[in-house]
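First to last, the sequence lines map onto chains A and Z.
First residue of the first sequence: 56, per our numbering; consecutive thereafter.
First residue of the second sequence: 56, per our numbering; consecutive thereafter.
Note that the Cβ used here is the ideal one computed from N, Cα and C, for glycine as well.
Bear in mind the structure is a predicted one, so any value in this text is a computation, not a measurement.
As structure tokens, the structure follows; a few thoughts come after it.
There are 2 protein chains.
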Amino acid sequence: MYAPERQQEILRLARDGGRVDVVSLAEEFQVTAETIRRDLKALDRAGLIRRVHGGAIPAGRLDFEPDLAERESTAADEKDRIARAALAELPAEGTVILDAGSTVARMAAAIPPEATLTVVTHSLPIAARLADHPGIQLHIVGGRVRHRTRAAVDAWALRAYGEIRADVAVVAANGFSVEHGLTTPDLAEAAVKRAALTAARRVVLLADSSKYAQEHFARFGALGDVDLLITDTGLTPEDAGDIERAGTEVVRA
Amino acid sequence: MYAPERQQEILRLARDGGRVDVVSLAEEFQVTAETIRRDLKALDRAGLIRRVHGGAIPAGRLDFEPDLAERESTAADEKDRIARAALAELPAEGTVILDAGSTVARMAAAIPPEATLTVVTHSLPIAARLADHPGIQLHIVGGRVRHRTRAAVDAWALRAYGEIRADVAVVAANGFSVEHGLTTPDLAEAAVKRAALTAARRVVLLADSSKYAQEHFARFGALGDVDLLITDTGLTPEDAGDIERAGTEVVRA
DNA sequence: CTCAAGCAGGCATGAACGGGCATCGGCGTG
DNA sequence: CACGCCGATGCCCGTTCATGCCTGCTTGAG
Chain A
56 MYAPERQQEI
66 LRLARDGGRV
76 DVVSLAEEFQ
86 VTAETIRRDL
96 KALDRAGLIR
106 RVHGGAIPAG
116 RLDFEPDLAE
126 RESTAADEKD
136 RIARAALAEL
146 PAEGTVILDA
156 GSTVARMAAA
166 IPPEATLTVV
176 THSLPIAARL
186 ADHPGIQLHI
196 VGGRVRHRTR
206 AAVDAWALRA
216 YGEIRADVAV
226 VAANGFSVEH
236 GLTTPDLAEA
246 AVKRAALTAA
256 RRVVLLADSS
266 KYAQEHFARF
276 GALGDVDLLI
286 TDTGLTPEDA
296 GDIERAGTEV
306 VRA
Chain Z
56 MYAPERQQEI
66 LRLARDGGRV
76 DVVSLAEEFQ
86 VTAETIRRDL
96 KALDRAGLIR
106 RVHGGAIPAG
116 RLDFEPDLAE
126 RESTAADEKD
136 RIARAALAEL
146 PAEGTVILDA
156 GSTVARMAAA
166 IPPEATLTVV
176 THSLPIAARL
186 ADHPGIQLHI
196 VGGRVRHRTR
206 AAVDAWALRA
216 YGEIRADVAV
226 VAANGFSVEH
236 GLTTPDLAEA
246 AVKRAALTAA
256 RRVVLLADSS
266 KYAQEHFARF
276 GALGDVDLLI
286 TDTGLTPEDA
296 GDIERAGTEV
306 VRA
């Protein structure tokens, strides 16, 4: 049996039964658990199933995001400190653009209940969290929703950001460096990020130190476009100095 | 049972019953209270429930106008039947507009994983549910988000619906009658609903029978704008007859 | 104010995971 | 036909995850 056939069959089993688990699939198909894990990983990347510890569940069956809890594992501590530091950069009253990204989402979740802000975002998870915040006037930016990031992109999003001016934009990047600026893997998402930071008077970048010197496919701005970078202590003082000389204030939380 | 499955189930229990408590959940799922607490913490972080001493209560109400958990439980059975019947009205492939509303949300949650559709919605809860559905190309309509209904309204939303054409619009109403048409309490929301149904070739209204002969502040269309009404058996055959004579097909699920 | 119930955090453990490396077999190229 | 490449699979081992247990702290009902 070829791998794609097996994967197809796994998908069918997952949808029929609502769940599959690694060990019984391994028995079923007479292969090792590693192979099954690889299959599940492939199906997960394709967005067809959702991986869980010990097996998988067909996509769309959960109406919440396990990865919001999962992601916390990766550099959770740093992200938390960054998120808390970023709160101080929000204006007391005014308009804020929030980019998609787990660190930004954490910051959004930590906005105190008594805050009064106007928030504009193209991130579905962030919007969901802020939707019942009594003091926040929330605006969602429309567009095609990318499955992976649950962020709105394309024409509607670009136009919406082109029509507004905000006091602060809080953005995330998958990679940043003095030479190559701000990068992310997806072109459409990069375009929206670019529109978002253009729409704000002040740009705050949240990025843990593992993103430093990383480059990804799509560039959406120069480091010089960023007024303030909030990162963690994993960024060396020398690197921080380089960035500050380029005109971006650096906070190492 | 996987942790996310358990969490999903806890969420369902919380929404159904309006509350859950740690010890009975621990018994129910045959795990220790610590595990349940971790689950509740995860759900709390995701913003879906609110933690209280000894248990939790649902927070993410994907609910409609007037009240909170009361509505969700009221007529839950009818709404489920209506939602299931509505599934049959979705095209096999094509574009669908989904209005905000708990019955529509139930239908959205029941869309099978193998469906391939383009969905446009201004409802945050519905978007959240469909965001990781592999076969669905999701578009969110932007706008100001109303806290009550978590639906986008105002200029961005109206313009977006003005720019598209869909095969079917599935809409909800707080009140409907032959004389006064389709009504809802909020003007801004009514405007969006009107735009949504204008953008579709075929309009399906989901409304349980308690909505019949109700009138609310803002009118967004005539019953004649609706091609098909799906309701429950609480609507008398005579009333159904009246409606059908006005040109709207009626299904009593 | 008291105190049992509930809670957070630390620690232990077994299962699950993932990356690196070796092997195998098919397939195209020369 | 021989060779080498590459994808698929299996194996190994250090790491992470989910869960349970324990301990000391917090909470809130009486």
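Rounded to the nearest angstrom, what separates residue i and residue j at their Cα positions?
i: V75/A; j: A212/Z; result: 40 Å
i: F119/A; j: R307/A; result: 32 Å
i: H108/Z; j: R136/Z; result: 35 Å
i: R184/A; j: A101/Z; result: 8 Å
i: A210/Z; j: G217/Z; result: 10 Å
i: L95/Z; j: I65/Z; result: 8 Å
i: G271/A; j: A228/A; result: According to the sequence as given, residue 271/A is His; it is not Gly. Their Cα atoms are separated by approximately 9 Å.
i: G73/Z; j: L98/Z; result: 15 Å
i: E293/Z; j: L261/Z; result: 19 Å
i: V247/A; j: S265/A; result: 23 Å
i: E125/Z; j: V281/A; result: With a pLDDT of 44 at E125/Z, under the threshold of 50, the modelled position of that residue is not reliable, and the figure given next carries that caveat. One C-alpha to the other measures close to 47 Å.
i: G110/A; j: A69/A; result: 10 Å
i: E144/Z; j: Y57/A; result: 38 Å
i: A338/Z; j: E148/Z; result: Residue 338/Z is absent from the structure shown; chain Z starts at 56 and stops at 308.
i: R257/Z; j: G289/Z; result: 25 Å
i: D71/Z; j: G296/Z; result: 34 Å
i: P146/A; j: A207/Z; result: 24 Å
i: R199/Z; j: L242/Z; result: 13 Å
i: R203/Z; j: P168/A; result: 17 Å
i: V226/Z; j: T286/A; result: 45 Å
i: E83/A; j: A130/Z; result: 43 Å
i: R61/Z; j: A170/A; result: 34 Å
i: P240/Z; j: H235/A; result: 52 Å
i: R67/A; j: R67/Z; result: 25 Å
Just reading off the beta strand (DSSP E) that residue i is part of, what are its end residues?
i: S79/Z; result: Note, S79/Z: premise wrong, no beta strand (DSSP E); alpha helix (DSSP H) at V77 to F84.
i: S232/A; result: G230 to S232
i: A273/Z; result: A273 to G276
i: P180/Z; result: Per DSSP, P180/Z belongs to no beta strand (DSSP E); it is in the alpha helix (DSSP H), L179 to L185.
i: A255/A; result: A255 to L261
i: A268/Z; result: No beta strand (DSSP E) contains A268/Z, which DSSP labels as neither H nor E.
i: R106/A; result: I104 to V107
i: R203/Z; result: Counting along the chain, R203/Z falls outside any beta strand (DSSP E), and DSSP gives it neither H nor E.
i: A111/A; result: G110 to P113
i: T303/A; result: Run containing T303/A: none; DSSP gives neither H nor E here.
i: L172/Z; result: L172 to T176
i: V311/A; result: With chain A running from 56 to 308 in the structure shown, residue 311/A is simply not present.
Locate the alpha helix (DSSP H) running through residue i, then write down its first and last residues.
i: D222/A; result: Here D222/A belongs to no alpha helix (DSSP H); instead the beta strand (DSSP E) covers A221 to A227.
i: E293/Z; result: P292 to R300
i: E60/Z; result: A58 to G72
i: E133/Z; result: A131 to L142
i: R89/A; result: Contrary to the premise, residue 89/A reads as Glu rather than Arg in this sequence. Run containing E89/A: A88 to R100, per the alpha helix (DSSP H) assignment.
i: V159/Z; result: S157 to A164
i: G217/A; result: A210 to G217
Excluding the five sequence neighbours on either side, which residues of its own chain have a C-beta within less than 7 Å of the C-beta of residue i, listed in chain order?
i: E127/A; result: For E127/A, the predicted model reports a pLDDT of 45, less than 50, meaning its position is unreliable and no value from the coordinates is stated.
i: I298/A; result: V233, L278, L284 and V305
i: K134/Z; result: S157, T158, R161 and D263
i: A215/A; result: V196 and G197
i: V78/Z; result: A88
i: I219/A; result: V175 and A254
i: A163/Z; result: L153, I181, R184 and L185
i: F251/Z; result: Note that residue 251/Z corresponds to Ala in the displayed sequence, not to Phe. Excluding residues within five positions, the ones whose Cβ falls inside 7 Å are I152, D154, Y216, A224 and V226.
i: L193/A; result: V174, A182, L185 and A186
Only counting the same chain, and skipping five residues up and downstream in sequence, which positions put a Cβ closer than 6 Å to that of residue i?
i: T150/A; result: T173, A221 and D222
i: I104/A; result: A69, L98, A111, P113 and A114
i: G302/Z; result: G279
Once the 5 residues before and after residue i are set aside, which same chain residues still bring their CB inside 8 Å of it?
i: A165/A; result: A138, R139 and L142
i: R205/A; result: E120, A155, S178, L179 and P180
i: R106/Z; result: L95, K96 and D99
i: T238/Z; result: A228, N229, G230, F231, A245, Q269, E270, H271, F272, A273, R274 and F275
i: R249/A; result: F275 and G276
i: V81/Z; result: Looking at the sequence itself, residue 81/Z is Ala, so the reference to Val does not match. Excluding sequence neighbours, A81/Z sits near T87, A88, T90 and I91.
For the ligand ZN, is there any heavy atom lying closer than 6 Å to the beta carbon of residue i?
i: D297/Z; result: This structure lacks the ligand ZN, and indeed carries no ligand of any kind.
Taking a cut of 8 Å between CB atoms, which residues from the region 194 to 209 of chain A lie near chain Z?
From the region 194 to 209 of chain A, only H194, I195, V196, G197, G198, R199, V200, H202, R205 and A207 have a Cβ closer than 8 Å to chain Z.
Contact residues within the region 99 to 119 of chain A, judged by C-beta distance below 8 Å to chain Z
Of all residues in the region 99 to 119 of chain A, A101, G102, L103, R105, V107, H108, G109, G110, I112, P113, A114, G115, R116, L117, D118 and F119 have a Cβ within less than 8 Å of some Cβ in chain Z.
Should the region 140 to 155 of chain A be called in touch with the region 174 to 190 of chain A, which here means at least 3 C-beta pairs below 8 Å?
A contact exists between the region 140 to 155 of chain A and the region 174 to 190 of chain A.
Taking 8 Å as the threshold, find out whether the region 187 to 202 of chain Z comes into contact with the region 76 to 94 of chain A through three or more Cβ pairs.
As far as the Cβ criterion goes, the region 187 to 202 of chain Z does not touch the region 76 to 94 of chain A, which means the pair count is below three.
Taking Cβ-Cβ distances below 9 Å as the criterion, which residues of the region 183 to 194 of chain Z are in contact with chain A?
Within the region 183 to 194 of chain Z, the qualifying residues are A183, R184, L185, A186, D187, H188, P189, G190, I191, Q192, L193 and H194.
For the region 231 to 260 of chain Z, list every residue whose C-beta sits within 8 Å of some C-beta in chain A, in sequence order.
Listed in sequence order: no entries.
Output needed in chain order: residues of the region 127 to 150 of chain Z with a Cβ under 7 Å from some Cβ in chain A.
From the region 127 to 150 of chain Z, no residue has a Cβ closer than 7 Å to chain A.
Which residues, taken in chain order from the region 156 to 174 of chain A, show a beta carbon closer than 8 Å to some beta carbon of chain Z?
Of all residues in the region 156 to 174 of chain A, those with a C-beta nearer than 8 Å to a C-beta of chain Z are A164, reading in chain order.
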